[in-house]
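Structure first, commentary second.
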Amino acid sequence: MLRKTACAALMAALAAGSAGGCTYLPAAGPTASAIQAGAEVATADGGLLARYEIIDVTPSVVEALRGRPLDSLLASFGDHRPSSEPVIGIGDMVSVSIWEAGSGGLFSGPLVADRFSAGSKSALIPEQPVGRDGAISVPYAGRIKVAGRRTQDVQALIENEL
């Protein structure tokens, strides 16, 4: 019995000693006394200047905060997300392929009377950068403004010009 009592006393002493050590170990944040001590700073004329206010959070404070609109980066800086479909920009490299249904077109070879050529013909316009004016050059169509447009829109524009 004496042994159980001694063991219990030793455990109680160790628990009390380890709990007291918590005040000497570093904490994850400032203590309440550190926050209150830093709330005011002395001014040159001997007065006190509040650096921040300590406010009791009551149900009325919570209601006042609920009525306030939320601040967001979107509201502050605007919506500058990229479009869901990429668009062509100034400086982009653009290559154009033109397909023609048969011979005798603008980009295919001349008609040959003794030869029958079936199928389509294609012409590849070499890769070119989109100029500062936002346009590229397409033979027989001239300067085509492509900057800010999707590839499908540029395709339709070139088809209309040819």
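To convert, count from 1 in the sequence shown and add 181; that's the working numbering.
Yeah, the Cβ is synthetic: ideal placement off N, Cα and C, and Gly gets one too.
**OP:** Could you give the DSSP three-state label for Ser318: helix, strand or coil?
**Re:** strand
Original post:
Can you name, in chain order, every residue of its own chain whose Cβ lies under 6 Å from the Cβ of Ser276, other than the five neighbours on each side?
Top reply: Glu308
Subject >> Residue environment, Val242, which counts as buried when at least 16 other CB atoms sit within 10 Å >> reply: exposed
Subject >> Helix, strand or coil at Glu266 [DSSP, three-state] >> reply: coil
Subject >> Opposing strand residues paired with Gly329 [DSSP bridges] >> reply: None, per the DSSP bridge assignment.
Subject >> Residue from Ala231, Ala225, Val311 and Arg330 whose Cα sits closest to the Cα of Ile216 >> reply: Ala231
Subject >> Nonlocal neighbours in the same chain, by C-beta distance under 8 Å from Arg330, ignoring five residues either side >> reply: Val268, Ile269 and Leu338
Original post:
Nearest-angstrom Cα distance between Asp226 and Leu254?
Top reply: 41 Å
Original post:
Since Arg324 sits in a beta bridge, which residues does DSSP pair it with?
Top reply: Ser318
Original post:
In whole angstroms, what separates the C-alpha of Pro310 from that of Ala328?
Top reply: 11 Å
**OP:** Let me know if Val238 comes out buried or exposed under the rule of 16 or more other beta-carbons within 10 Å of its beta-carbon.
**Re:** exposed
Original post:
Between Ser278 and the rest of its own chain, which residues show a CB-CB distance below 7 Å, the 5 nearest in sequence each way excluded?
Top reply: Ser303 and Leu305
**OP:** Please classify Ile236: is it buried, with 16 or more other beta-carbons within 10 angstroms of its beta-carbon, or exposed?
**Re:** exposed
Subject >> Residues of its chain near Ala322, where Cβ-Cβ distance is below 7 Å and the 5 sequence neighbours each way are ignored >> reply: Ile339, Glu342 and Leu343
**OP:** Could you pull out every unbroken alpha helix (DSSP H) segment of at least 4 residues lying fully inside the region 228 to 268, listed in chain order?
**Re:** 240 to 247 and 254 to 258
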